[in-house]
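K.L.:
For the sequence shown, my numbering gives the first residue as 19, with consecutive numbering after it.
All C-beta atoms, glycine included, are put in the ideal place defined by N, C-alpha and C.
Every value quoted in this text rests on a predicted model; they were computed, and no experiment measured them.
Following this message is one structure expressed as structure tokens.
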Amino acid sequence: MSSSLPGWKELPMGGVAFRPSTDIKTGEWRLGFRPVVKEEKCVGCAMCVVLCPDMAMGLGEEGKAQVNYDYCKGCGICARECPYGAIEMVPE
Ligand code: SF4
Ligand code: SF4
């Protein structure tokens, strides 16, 4: 059966921009709050590092939690799950 529709080889490529995900600063979409680490309370257990869905949390040289605001979306999971209450969500 023939068709007047183009075959898949004739279709133009979709408008996908191939960029490394590190170029996409998801922190620009932050939800109005940002996490602030209270260093005096942080014991460096890394629970927040493991649970951050955007890999925006790491441990700094001092072994304390450190937020990379370029990628933090402000979801608040780190503050909710920190067993030591060392992260506070503050309005931007
Ligand atoms: S979960 Fe809390 S105590 Fe553990 S590293 Fe993160 S901020 Fe520090
Ligand atoms: S607020 Fe969400 S995205 Fe930002 S560091 Fe905490 S867990 Fe990660």
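When you measure from the CB of ILE105 to every non-hydrogen atom of ligand 4, does any distance come out below 6 Å?
P.N.:
In the structure on display, ligand 4 does not appear, and the ligands it does have are ligand 1 and ligand 2.
K.L.:
For GLU110, which residues of its own chain have a beta-carbon under 7 Å away from its beta-carbon, when the five flanking residues on both sides are left out?
P.N.:
Result list for GLU110: ARG48, GLY50, PHE51, ARG52, in chain order.
K.L.:
Using only the alpha-carbon positions, how far apart do LYS65 and GLU106 sit?
P.N.:
For the sequence presented, residue 65 should be read as Met rather than Lys. Rounded to whole angstroms, MET65 to GLU106 spans 15 Å at the Cα level.
K.L.:
Using CA coordinates, which residue listed in GLU58, PRO101, VAL108 is at the minimum distance from CYS93?
P.N.:
Nearest of GLU58, PRO101, VAL108 to CYS93, Cα basis: VAL108.
K.L.:
Candidates LYS27, LEU29, SER21, GLU80: which alpha carbon is nearest VAL55's?
P.N.:
Cα-wise, what sits closest to VAL55 is GLU80.
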